[in-house]
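J.: Structure in structure tokens, see below.
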Amino acid sequence: MNNTQEIEQEALTSKTGMWLFLFTELLLFGGLFIVYSVYRYQNSEAFHLAANELSVFIGTFNTIILLISSSTIAMSITAIQKKNKRLALLLLGATFLLGFIFLVNKYFEWGHHIKEHIYPGSYDLSLRGHGDILFYGLYYFMTGVHALHIIVGLGFIGIVTVRISKDKIHSGKFVLLENCGLYWHLVDLIWIFLFPLFYLIT
Amino acid sequence: MENNKDHIIPYQTLILVVTGLIVLTLISVSVTTIHLGALTVFIALLIAAVKSSFVLWIFMHLKFEGRLFRLGVTGVILLITSVIIITMLDYLFR
Amino acid sequence: MESSEMTIQTNHEEPSYLHHKGKYKGILSWILSTDHKRIGLLYLYSLLTMFATGATIGVLMKLELIAPGVTIVNAQTYNAFFTLHGIIMIFAVVIPGLPAVFGNFFLPIMIGAKDVAFPKINLLSWYFYVSGVALVLVSQFLGDRPPDTGWTFYAPYSFRTAGNMLPAVFGVFLLGFSSILTGLNFLVTIHRMRAPGMSWMKMPLFPWTLYATGWVQILATPIIGITFLMMAGERIFKIGFFDPALGGDPLLYQHLFWTYSHPAVYIMILPAMGAISEIIPTFCQKTAFGYKFIVASSIAIAFVGYFIWGHHMFTSGMSGASLFAFSLLTFLVAIPSAIKVFNWVSTMHKASIDLKTPFLWAVGFVFVFMIGGFSGLVLGSLTANIHLHNTHFVLAHFHFVLFGGTGYGFFAAMHYWYPKITGRMYDAGWANTGLVIFFIGYMTLYSTMFYLGMEGMPRRYFDYDPIFHTPNVYSSLGAIVMYMGLAIIIINLIASLKKGAKAPADPWGGKTLEWTIPSPPPAENFDQIPVVTKGPYQYE
């Protein structure tokens, strides 16, 4: 087997491992969707009303940001394949920036609710009904776990960016970039479902 | 096995896909303003499923990967769905 | 080179993996090693240490139960004991079990590879194991008092108890990560690194069970991971998912917990069944009967096992629809297990049987696993379950399938592959003596529990009605005898490291790839990757 074939074989092995890891992430969030299903079923009216307190505008904006960031990282792979190192780095930078903006938005969204004393364990939340408590519990927990994954994703993008700039990732060997893309798309996928389940059930 | 070098997704395709995704997002938001009752959420989730399919198929390259990857993803989705349904058997019939 | 030939591949100059000189020296050459064989041994030492700890706690529990009232500890300490015993045995011994030790050591060799797909991640999985175990042990000594919820951490007690839950739960979380990484590694290894000519249906049965197990490891473990995170959220932030006062449902915790923990028992048993499937053909010098059925059963067990978790919750208050569905599905999972037993016994039929130690363990396995399996059917029946749930009957059931199943499978594998791993033969006389003493103690200890359960003695109680006294005495004495048998077995294996005769490459007449390389193997397993032309177990 020559060197190119070896790299291809290793790349396929690496990609297979990454997909299996993505499966574990799907199951991780799947557990949360189980909890959501149960409590939404038991408290449908309360969830419906509580969802009105979330900003559809910010939610939609964040959704679009993440979708665009998915496209930029996918384009960075095309760029690397076409040996356009500079474009790849720019696109990765854009992905990172968009992910960062998402987190900033989250910070303000959460901040708004926390300022109004609505957060898990808060006295004001405890005064409201069970449905509200569960809605906000799920909201903070699910978007929180999601945000943690975005932070990890940003770290991954950072590492890949450095490696590309050092030519350790290039058109002949770029599986690490692909895997980073896969992880980022997963984060996007989760949000594609979180968005309607929290913001659009009004 | 697949050689990624042969499958370079054109920038144009990716831009087209993301535009479609944004449009679908905006549609799902506007659907909620129309009062369709229980159907609203169903449609919103349906649109989410369509968006996910595009992300999986194009962005995540499933269209060009081996059959095993597609089988795996389908299997995992079916698994999560089954577990949710079986769990709901408890709550629906208490 | 054909897999059925027994020529030794390497030149005799090459040092074994035990003496291989790599980048590091001394202890560092072990704890920084990415050699799957060394990692397998690292797991073996850690596992045996944890097993000894968990077994000692178990014996202390039996000493407490030898008489009604306080015998050696009070109620709170007893609760901490059974919690720690469960956590250690389940998460640190039986779940890593055969995959971490024998899977790591032998999977690459049995499929003709030089190592697993991701050797560094393999080492990382061991680091997760060690840190998880450390946290669990540390939880005993920090905080107000040790965890006392049982290894099942049921809500709402788990978020109300003053017991030191968070380190223990986080420790188990890390152990779960270790399990996921092992499963992921094995799945990719099997998919991508089989030797040329080794099609799926030419792969031996132990790797097949590791494959089925790998899927369960990656698709079930994350659920308990997120459940523990939710429990931490409950304890720290009062998110309310499992607290009825906040609108949560404690039963949902049980659903989530068992959605992992039931498939987990198939992580525990499938590789043990795989080892038995290797041992029986070798000592019968006959090909495995119904190879395809054994493969299909392994996959079926993993698959069906995912949908039956509710049988742990029959008396919890679930809906009638759930009760019916879970009981029916539970009965289904017995079928592939039975198919395996039929195939093992059929392999032995009219065979020229060599009654060596591994085979004795394998026969013991079939015997005790069947008892455990039948008692599982009893528990799977809704009406019987009402009477038997949370009694000693349940304890007997799972100690028969887990200790009897995975435990005997582990000892069988240990005695089968010991010559290959160490390059020495152990003393068969002492091994068999230890086995017999162990078996007598084991049967006494656990069979009485079936009786005690049917008579109504609950589990997880440090005290009991005096009418249960006599059987408890037998049971506890059985524990002591069993412990002595274990000591003989383990001391024999340790002593034989120095005193045992040198082992040939193929002491038992096995036909799988590990018997074609020297005992112990060289660092890279094979001089050249073999080309496989036949299936395994070709004895004609």
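Residue numbers (my numbering), protein chains in the order written: chain S, 65 to 266; chain G, 465 to 558; chain Y, 44 to 583.
Positions of the beta carbon are idealized from the N, C-alpha and C atoms, including for glycine.
Between the alpha carbons of Tyr555(G) and Ile548(G), how many angstroms are there, rounded?
T.: 11 Å
J.: Considering Ser539(Y), what are the terminal residues of the alpha helix (DSSP H) in which it resides?
T.: 512 to 542
J.: Counting pairs of beta carbons, one from the segment 117 to 133 of chain Y and one from the segment 182 to 200 of chain Y, are three or more of them closer than 8 Å?
T.: Between the segment 117 to 133 of chain Y and the segment 182 to 200 of chain Y, the count of C-beta pairs closer than 8 Å reaches three or more; the two stretches touch.
J.: Quick one: what's got a C-beta closer than 7 Å to Leu488(G)'s C-beta in the same chain, skipping five residues either side?
T.: Ile511, Val514, Lys515
J.: For the segment 487 to 501 of chain G, which residues have a CB atom closer than 7 Å to at least one CB atom of chain Y, in sequence order?
T.: none
J.: DSSP on Pro579(Y), reduced to helix/strand/coil?
T.: Coil at Pro579(Y), not helix or strand.
J.: Verify the CB distance criterion: does Arg558(G) have a CB-CB separation below 8 Å to chain Y?
T.: yes
J.: At 4 residues or longer, what runs of the alpha helix (DSSP H) sit wholly inside the segment 164 to 250 of chain S?
T.: 187 to 191, 194 to 229
J.: Near Ile164(Y), what residues of its chain come up, given a Cβ to Cβ distance below 8 Å and the 5 sequence neighbours on each side ignored?
T.: Leu224, Leu227, Asn228
J.: Going along chain S in order, which residues have a C-beta closer than 7 Å to the C-beta of Ala485(G)?
T.: The residue you asked about is not Ala; residue 485(G) is Leu in the sequence shown. Per Cβ cutoff of 7 Å: Leu131.
J.: Does any residue of chain G bring its CB to less than 8 Å from the CB of Gln361(Y)?
T.: Per the sequence shown, residue 361(Y) should be read as Met rather than Gln. Yes, its Cβ sits closer than 8 Å to a Cβ of chain G.
J.: Taking 8 Å as the threshold, find out whether the segment 469 to 477 of chain Y comes into contact with the segment 548 to 566 of chain Y through three or more Cβ pairs.
T.: no
J.: Assuming Met34(Y) is part of the alpha helix (DSSP H), what are its boundary residues?
T.: Here chain Y covers residues 44 to 583 and nothing more, so residue 34(Y) does not appear.
J.: Between Val561(G) and Phe87(S), what straight-line distance do the alpha-carbon atoms span, to the nearest angstrom?
T.: Because chain G spans 465 through 558 in this model, residue 561(G) falls outside it and cannot be assessed.
J.: How would you list, in chain order, the residues of chain G whose beta-carbon sits under 8 Å from the beta-carbon of His298(Y)?
T.: Neighbours of His298(Y) on chain G, chain order: Thr551, Asp554.
J.: Please list the partners that Thr302(Y) has in chain G, where partner means a Cβ-to-Cβ separation under 8 Å.
T.: Neighbours of Thr302(Y) on chain G, chain order: Val547, Thr551.
J.: With 8 Å set as the bound, which would you pick, yes or no: does the beta-carbon of Ile98(S) sit closer than that to a beta-carbon of chain G?
T.: yes
J.: Using a Cβ distance threshold of 8 Å, determine whether the segment 126 to 137 of chain S contacts the segment 251 to 259 of chain S, with at least three qualifying pairs required.
T.: yes
J.: Please say whether Val482(G) and Ser135(S) have beta carbons closer to each other than 8 Å?
T.: Cβ distance < 8 Å, so Ser135(S) and Val482(G) count as in contact.
J.: The ligand HEM and His458(Y): does any heavy atom of the ligand fall closer than 7 Å to the residue's C-beta?
T.: The model on display carries no ligand, and the ligand HEM is accordingly not part of it.
J.: Indicate whether at least one CB of chain S lies closer than 8 Å to the CB of Met465(G).
T.: With a pLDDT of only 41 at Met465(G), under 50, the local geometry of the prediction cannot be trusted, and the value read off the model is given with reservation. Yes, because at least one Cβ of chain S sits closer than 8 Å to the Cβ of Met465(G).
J.: Does the CB of Leu520(G) have a neighbour CB from chain Y at under 8 Å?
T.: no
J.: Mind reading off the beta-carbon distance from Pro565(Y) to Ser59(Y)? Whole number of angstroms is fine, and I expect it under 8 Å.
T.: 6 Å
J.: Taking 8 Å as the threshold, find out whether the segment 263 to 280 of chain Y comes into contact with the segment 396 to 412 of chain Y through three or more Cβ pairs.
T.: Too few Cβ pairs lie closer than 8 Å, so no.
J.: Buried or exposed: where does Arg503(Y) fall if 16 or more other Cβ atoms within 10 Å of its Cβ makes it buried?
T.: exposed
J.: For the segment 246 to 259 of chain S, which residues have a CB atom closer than 7 Å to at least one CB atom of chain G, in sequence order?
T.: Leu246, His249, Asp252, Leu253, Ile256, Phe257
J.: To the nearest whole angstrom, what separates the beta carbons of Leu405(G) and Ala138(S), a pair I think is in contact under 8 Å?
T.: The shown model of chain G, from 465 to 558, leaves out residue 405(G), and the question about it has no answer.
J.: Closer than 6 Å by C-beta to Gly101(Y): which residues in its own chain qualify, once you throw out the five before and the five after it? Chain order, please.
T.: His128
J.: How far does the alpha helix (DSSP H) with Gly317(Y) in it extend, from its first residue to its last?
T.: 293 to 327
J.: Excluding the 5 residues flanking Met311(Y) on each side, which residues of the same chain have their C-beta closer than 7 Å to its C-beta?
T.: The residues Val137, Ile138, Gly140, Leu445, Thr449, in chain order, have a CB closer than 7 Å to that of Met311(Y) in the same chain once the five nearest residues on each side in sequence are set aside.
J.: Is Tyr105(S) close to chain G? Criterion is C-beta to C-beta, closer than 8 Å.
T.: yes
J.: Report yes or no: is there a C-beta of chain G within less than 8 Å of the C-beta of Met82(S)?
T.: no
J.: Give me the Cα-Cα distance between Leu509(G) and Tyr263(S), rounded to the nearest whole angstrom.
T.: 12 Å
J.: Between which two residues does the alpha helix (DSSP H) carrying Phe97(S) extend?
T.: Following the DSSP letters along the chain, one finds Phe97(S) inside the alpha helix (DSSP H) bounded by residues 67 to 106.
J.: With a Cβ-Cβ cutoff of 8 Å, do Ile532(Y) and Leu478(Y) count as a contact?
T.: yes
J.: Can you list, in chain order, the residues of its chain whose CB lies under 8 Å from that of Glu466(G), leaving out five sequence neighbours each side?
T.: A caution first: Glu466(G) carries a pLDDT of 45, below 50, which makes its placement in the model unreliable, though a value can still be read off. Cβ neighbours of Glu466(G) beyond the five flanking positions: Phe528, Glu529, Gly530.
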